[in-house]
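Residue numbers (this note's numbering): 34 to 184.
The C-beta atom is built at its ideal place from N, Cα and C for all residues, glycine as well.
First the structure, in the form of structure tokens, and then the observations on it.
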Amino acid sequence: MALKNILAAGSLLFLLTGCSAGIIETNGSTEETQAEFPPSMAGMVRIDGELHDLKEGNFRWERKSATGTEVAMTDVASPPQLAEEVVAIQASPNAVIELEIERDPEISVYHWSENRREEKIELTDHQFQVPVSRGRYIYEVLAIWEDGEVS
């Protein structure tokens with residue numbers, strides 16, 4: 034059976050407004066602390082029952098406070114360049130790829146050629162199907178929440 038090289042290259046662009054707080058206890062007293070900033074959002078793909086991490090690319094986080102707005106961002110390589118740094122995920126023809134990203138965002142997936150987005154992939158319930166043709170495929174995952182987005 035021919036195997037497909039599938040690479041889920043999720044260059045992640047984060048833009049979330051607001052912040053969450055945590056509570057810690059020290060010496061019997063409780064105090065509120067700011068959550069990790071920039072936060073990290075886990076993204077995975079499930080293929081044939083096996084989980085694989087998405088590769089993080091660009092991100093932008095924003096949070097507002099009483100003293101102003103704090104922004105954290107990065108500018109990294111394109112999905113094809115990121116794909117050079119990871120081991121391709123093997124999948125059989127017509128295998129189903131399921132995307133699992135924290136906080137249940139709206140998800141879009143794009144197929145990339147060497148230097149550009151080629152097409153938007155149709156998703157059903159955060160899933161899409163591997164092509165029948167043998168080859169190496171690079172995908173960009175875009176996740177959108179009410180308070181931001183990840184590309």
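1. If you follow the alpha helix (DSSP H) that Leu175 is part of, which residue opens it and which one closes it?
2. Nearest-angstrom Cα distance between Val104 and Val165?
3. When the Cα atoms are used, what is the spatial distance from Pro72 to Lys97?
4. For a test of the three-state rule: what should DSSP assign to Leu84, helix, strand or coil?
5. May I ask you to report which of helix, strand or coil DSSP gives Leu115?
6. So what does DSSP say about Thr102, is it helix, strand or coil?
7. Counting only runs that start and end within the segment 107-166, where is the beta strand (DSSP E) found for 3 or more residues in a row?
8. Contact check, Asn91 vs Thr107 under 8 Å by CB: the rounded distance?
9. Figure out for me which residue from Glu118, Asp81 and Val174 has the closest Cα to the Cα of Ile134.
10. Which class does Phe70 belong to by DSSP, given the choice of helix, strand or coil?
11. Three-state secondary structure (DSSP) at Glu89?
Short version:
1. By 1-based counting over the sequence shown, the position of residue 175 is 142. Unbroken run through Leu175 is the beta strand (DSSP E), Arg169 to Trp178; no alpha helix (DSSP H).
2. Here residue 104 corresponds to residue number 71 of the sequence shown, with the count starting at 1. Here residue 165 corresponds to residue number 132 of the sequence shown, with the count starting at 1. For Val104 and Val165, the distance between alpha carbons rounds to 42 Å.
3. On the sequence shown, residue 72 is found 39 positions in, with the first residue counted as 1. On the sequence shown, residue 97 is found 64 positions in, with the first residue counted as 1. For Pro72 and Lys97, the distance between alpha carbons rounds to 14 Å.
4. For the purposes of this step, residue 84 is identified with residue 51 of the sequence shown, where counting begins at 1. Looking at Leu84 - three-state DSSP - the assignment turns out to be strand.
5. Here residue 115 corresponds to residue number 82 of the sequence shown, with the count starting at 1. It is helical.
6. The residue labelled residue 102 in the question sits at position 69 within the sequence shown. Thr102: strand per DSSP, three-state reduction.
7. Counting only runs of at least 3 residues, the segment 107-166 fully encloses the following beta strand (DSSP E) elements, listed from N- to C-terminal order: 122-124, 129-134, 139-145, 150-154 and 160-162.
8. For the purposes of this step, residue 91 is taken as residue 58 along the sequence shown, with counting starting at 1. For the purposes of this step, residue 107 is taken as residue 74 along the sequence shown, with counting starting at 1. Right, the Cβ-Cβ distance comes to about 6 Å (below 8 Å), so this counts as a contact.
9. Mapped onto the sequence shown, residue 134 falls at position 101. The residue among Glu118, Asp81 and Val174 with its C-alpha nearest the C-alpha of Ile134 is Val174.
10. By one-based count along the sequence shown, residue 70 stands at place 37. Here Phe70 sits in coil by DSSP.
11. Locating residue 89 in the sequence shown gives position 56, counting from the first residue. Residue state, collapsed to three classes: coil.
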